[in-house]
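Okay, so the sequence shown: first residue is 3 according to my numbering, each after it adds one. Please read the structure below before turning to the comments.
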Amino acid sequence: MIGVMGSGAWGTAIAQLIAQNQQPVRLWGRDAALMESLRHDRENARYLPGCRLADAIEPVSDLASLAEITTLFMVIPSFGARAAMAAVQPHLPAGVPIISATKGFEPESHRRMSQVIADVCPGHPVGVLSGPNLAKEVMAGLPTPSVIASDNAAIGRDVQALLSHANFRVYTNDDVVGTELGGALKNTIAIAAGLVDELQLGANAKAGLMTRGLAEITRLGVAMGAQPATFAGLTGLGDLIATCSSPLSRNHQVGVMLAQGLPLAEALQRLGSTAEGVNTTRVALLLAAERDLEMPIAAAMGAMLEGRLAPQQAVRELMTRRPTQEVY
């Protein structure tokens, strides 16, 4: 039995992937009414309307239901991850691997999700799932690549086997830090991409944003101990392309709404789900400042998210900043 904590779009899609491989899976969500509707209707109408749940998925709202699992996927928004892990920890069998599929930082501590899991659930090996994984495309059976990172090669192979399917190809690597940072930091650039698209700034601007955005992600990632090559892979360039290009991306949607003139609070209310990029931008700037690193795109997005810069002003600031080398 496999467990998935988090009944949003991505948690549901992960459960579907596991179930498609004939593996029973318990999908946990804290909203008992929502989980009952999933049981009855076999559809997550709130997040993935029109997508039928596989029969092997058992929606549950009782954490004790996870007491028999052999692997746990944690797909809880970053702000609630520590509390969720603390709540489930007493129910977990000893040594069960925990795989984080949340792309963000803990707001208060600025820790990565794998670090939060290790804090709360010592003795449980940890992995990180990342890549260009838009949940609606996964549920629709469209071809999708992903990557599982762990410093335990056996866990990587096990998760690879759990999720691999004709339409979902999983790679492994051992760079947990880089895999996690690539997945989180690209959300800041996705907000900027939504702005570029809504303001119709063109393909040149979009290409420049993504390229220079990847440079910022890599700069901070390497300073935090990641391997540079990781950011040329699925969790870096791959996830960046998907999230900056697709209107399915929640962070891209936030950028679009901000460019339309909506205040951030209203944009998030309309979104109706978590956009990790808002918190990630703030945390990334703090982490960069601690290391004396420049992240001009993140800085412009941070100022825009705080209401200190209008979208057009953010673009102007980036285009008129002091000349510099491309690689530094």
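Glycine included, C-beta positions come from ideal geometry on N, C-alpha and C.
Following the continuous beta strand (DSSP E) through residue i, name the residue where it begins and the one where it ends.
i: S247; result: No beta strand (DSSP E) holds S247; the alpha helix (DSSP H) holding it covers D241 to S247.
i: R293; result: Where R293 is concerned, there is no enclosing beta strand (DSSP E), given that its DSSP letter is neither H nor E.
i: M321; result: Not the beta strand (DSSP E): M321 falls in the alpha helix (DSSP H), residues P313 to T322.
i: T174; result: F170 to N175
i: R28; result: V27 to W30
Taking the alpha carbon of residue i as the point to measure from, which residue in the options has its own alpha carbon closest?
i: R214; options: E200, G227, L187 and Q202; result: L187
i: V122; options: M141, Q202 and V90; result: V90
i: R293; options: G227, A269, M212 and V258; result: G227
i: V62; options: R32, D177 and S248; result: R32
i: G235; options: R252, T326, D177 and P265; result: D177
i: M297; options: Q229, E308, T220 and M259; result: T220
i: M7; options: A301, A103 and T245; result: A103
i: D64; options: G184, A137 and S9; result: S9
i: S251; options: M212, M76, N189 and M3; result: N189
i: A301; options: Q271, I191 and Q22; result: I191
Start and end of the alpha helix (DSSP H) containing residue i?
i: M212; result: A205 to A225
i: S39; result: A34 to D43
i: M259; result: R252 to A261
i: G5; result: Per DSSP, G5 belongs to no alpha helix (DSSP H); it is in the beta strand (DSSP E), I4 to M7.
i: N189; result: V178 to E200
i: T14; result: A11 to Q22
i: V161; result: A155 to L165
i: L270; result: L266 to L273
Distance, Cα to Cα, residue i vs residue j?
i: I71; j: S148; result: 23 Å
i: S111; j: N281; result: 12 Å
i: E200; j: L144; result: 26 Å
i: D160; j: F170; result: 15 Å
i: N157; j: R318; result: Residue 157 is actually Ile in this sequence, not Asn. Their backbone Cα atoms lie some 47 Å apart in a straight line.
i: A96; j: L68; result: 12 Å
i: A316; j: N206; result: 17 Å
i: M115; j: Q255; result: 24 Å
i: R331; j: F81; result: Outside the displayed range of the chain (3 to 330) lies residue 331, so it cannot be described from this structure.
i: V27; j: F107; result: 27 Å
i: D153; j: N175; result: 8 Å
i: L50; j: K105; result: 19 Å
i: I100; j: T326; result: 43 Å
i: A277; j: N253; result: 5 Å
i: Q18; j: P92; result: 26 Å
i: L242; j: V98; result: 31 Å
i: E218; j: L289; result: 12 Å
i: I59; j: A261; result: 39 Å
i: G240; j: N135; result: 9 Å
i: G52; j: A155; result: 37 Å
i: G125; j: L94; result: 11 Å
Between which residues of its own chain and residue i is the CB-CB distance below 7 Å, once the five residues before and five after are set aside?
i: R54; result: R44 and E45
i: G304; result: T283, R284 and L287
The ligand PLP heavy atoms versus the CB of residue i: any closer than 6 Å?
i: V317; result: What this structure holds is no ligand at all, so the ligand PLP is not there to describe.
Go through its chain and collect everything with a Cβ distance to residue i's Cβ below 6 Å, but skip five positions before and after it.
i: V130; result: S102, S116, A151, V178, T181 and E182
i: A15; result: A137, V140 and M141
Enumerate in chain order the residues of its own chain whose CB-to-CB distance from residue i is below 8 Å, with the five nearest sequence positions on each side excluded.
i: A312; result: M306
i: K208; result: A195, V198, D199 and C246
i: A34; result: S63
i: Q314; result: L201
Quick one: does residue i have its CB under 7 Å from some CB of chain D?
i: A301; result: You won't find chain D in this structure, because it holds only one protein chain.
List, from N- to C-terminal side, the beta strand (DSSP E) runs of 3 residues or more that fit wholly inside the stretch 62-147.
Within the stretch 62-147, the complete beta strand (DSSP E) runs of at least 3 residues are 73-76, 100-102 and 128-132.
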